[in-house]
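First up is the structure itself, then whatever we jot down about it.
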Amino acid sequence: MKLSSGLVIAGAYADKVRRTLFAQLRDMIKREEIESKEVARAAAELNRLLYELFVNKLKLDKGDVVRVRVDYEVEEGVIKWNLETLEVEAFRRIPEEEVKSALSEVVSRAEEIAEAEVEYEVEEIGETDLGDMVYAIKLEGEEVGAVIATPINEESVVRGAVTKPVPVIIEKTKVQDIRGELNRLVKEGRNVESGEAEKVIEEIKSLLK
Numbered sequence: 147m148k149l150s151s152g153l154v155i156a157g158a159y160a161d162k163v164r165r166t167l168f169a170q171l172r173d174m175i176k177r178e179e180i181e182s183k184e185v186a187r188a189a190a191e192l193n194r195l196l197y198e199l200f201v202n203k204l205k206l207d208k209g210d211v212v213r214v215r216v217d218y219e220v221e222e223g224v225i226k227w228n229l230e231t232l233e234v235e236a237f238r239r240i241p242e243e244e245v246k247s248a249l250s251e252v253v254s255r256a257e258e259i260a261e262a263e264v265e266y267e268v269e270e271i272g273e274t275d276l277g278d279m280v281y282a283i284k285l286e287g288e289e290v291g292a293v294i295a296t297p298i299n300e301e302s303v304v305r306g307a308v309t310k311p312v313p314v315i316i317e318k319t320k321v322q323d324i325r326g327e328l329n330r331l332v333k334e335g336r337n338v339e340s341g342e343a344e345k346v347i348e349e350i351k352s353l354l355k
């Protein structure tokens with residue numbers, strides 16, 4: 147069986163773990179296959195371990211958010227945690243004043259940000275069986291897109307997609323210089339959800355020979 151706390155503030159994780167465990171084992175308790183005090187004991191055992199991690203090691207604040215997942219078994223009325231499967235995610239809460247300060251700065255530069263060119267990097271990664279060239283699109287070293295180019299005389303017909311800063315699909319367009327015209331292609335592209343852009347990227351990469 148698996149216990150998952152879901153996202154919960156660090157100040158409330160212990161109650162969530164206890165409630166979740168009791169809810170999962172409710173039927174076993176009714177059938178008297180396990181005693182309530184054993185469920186309480188096991189919850190306390192796990193919570194003691196998590197306290198050491200959250201409070202003493204990670205120094206989390208009560209407003210930070212955590213998520214806990216762990217497998218366990220019930221054998222002869224005893225709960226045994228499989229700590230090798232214990233997974234913990236922690237998300238620190240950013241102070242409100244820090245958020246307000248950053249927000250104010252970004253808002254004051256809204257027009258500048260909207261007009262600024264994104265510094266994409268274009269890297270050739272191969273070609274297809276039909277001779278089309280495939281390029282990876284990178285942003286600050288992270289791969290965020292792909293385009294495929296079909297050479298036609300001195301031009302190329304390109305299509306592709308990027309996922310950042312915002313997801314965009316680039317429809318088929320003639321260009322002379324992919325690197326020099328990529329920002330224009332993205333600005334003129336179709337805004338979509340991340341999943342749609344990712345599908346296009348995967349489809350393009352699947353054409354590599």
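Residue numbering for the sequence shown follows the working numbering, starting at 147 and increasing by one per position. The beta-carbon is built from N, C-alpha and C at its ideal position, and this holds for glycine as well.
Distance between residue j and residue i (C-alpha atoms, nearest Å)
| i | j | result |
| --- | --- | --- |
| K162 | E288 | 37 Å |
| V216 | E270 | 43 Å |
| G326 | K320 | 13 Å |
| P311 | N329 | 12 Å |
| V154 | V280 | 43 Å |
| E230 | V252 | 43 Å |
| P313 | I240 | 26 Å |
| T274 | K355 | 5 Å |
| L199 | G152 | 17 Å |
| K148 | N202 | 25 Å |
| V303 | K345 | 20 Å |
Residue i - DSSP class collapsed to helix/strand/coil
| i | result |
| --- | --- |
| G277 | coil |
| N329 | helix |
| T166 | helix |
| L195 | helix |
| V264 | coil |
| G306 | strand |
| G209 | coil |
| V338 | coil |
| R361 | Nothing about residue 361 can be read from this structure; the chain reaches only from 147 to 355. |
| L249 | helix |
| E179 | coil |
Closest by C-alpha distance to residue i, when choosing among the options
| i | options | result |
| --- | --- | --- |
| L285 | F200, L196, V308, R238 | V308 |
| K183 | V224, L195, L206 | V224 |
| D278 | I259, E265, A248, E301 | E301 |
| R305 | D275, K226, R336 | R336 |
| K333 | P297, V211, R194, V264 | V264 |
| L192 | E179, E178, R165 | R165 |
| G272 | I180, R177, L353, E242 | L353 |
| G209 | L232, E242, A186 | E242 |
| E233 | L195, E222, A260, Q322 | L195 |
Residue i vs residue j beta-carbon contact at 8 Å
| i | j | result |
| --- | --- | --- |
| A292 | K351 | yes |
| E244 | R213 | no |
| D207 | A160 | no |
| K226 | Y218 | yes |
| V268 | I324 | yes |
| V290 | I298 | no |
Cβ distance (whole Å) where residue i is taken to contact residue j below 8 Å
| i | j | result |
| --- | --- | --- |
| E339 | I315 | Rounded, the Cβ-Cβ distance is 10 Å, inconsistent with contact. |
| L171 | A189 | Wrong, their Cβ atoms sit about 10 Å apart, outside the cutoff. |
| V220 | F237 | Not a contact, Cβ separation roughly 31 Å. |
Distance cut-off 7 Å: residue i Cβ against heavy atoms of the ligand NAD
| i | result |
| --- | --- |
| A158 | Of the ligands one can find in the structure shown there are none, so the ligand NAD has no counterpart to examine. |
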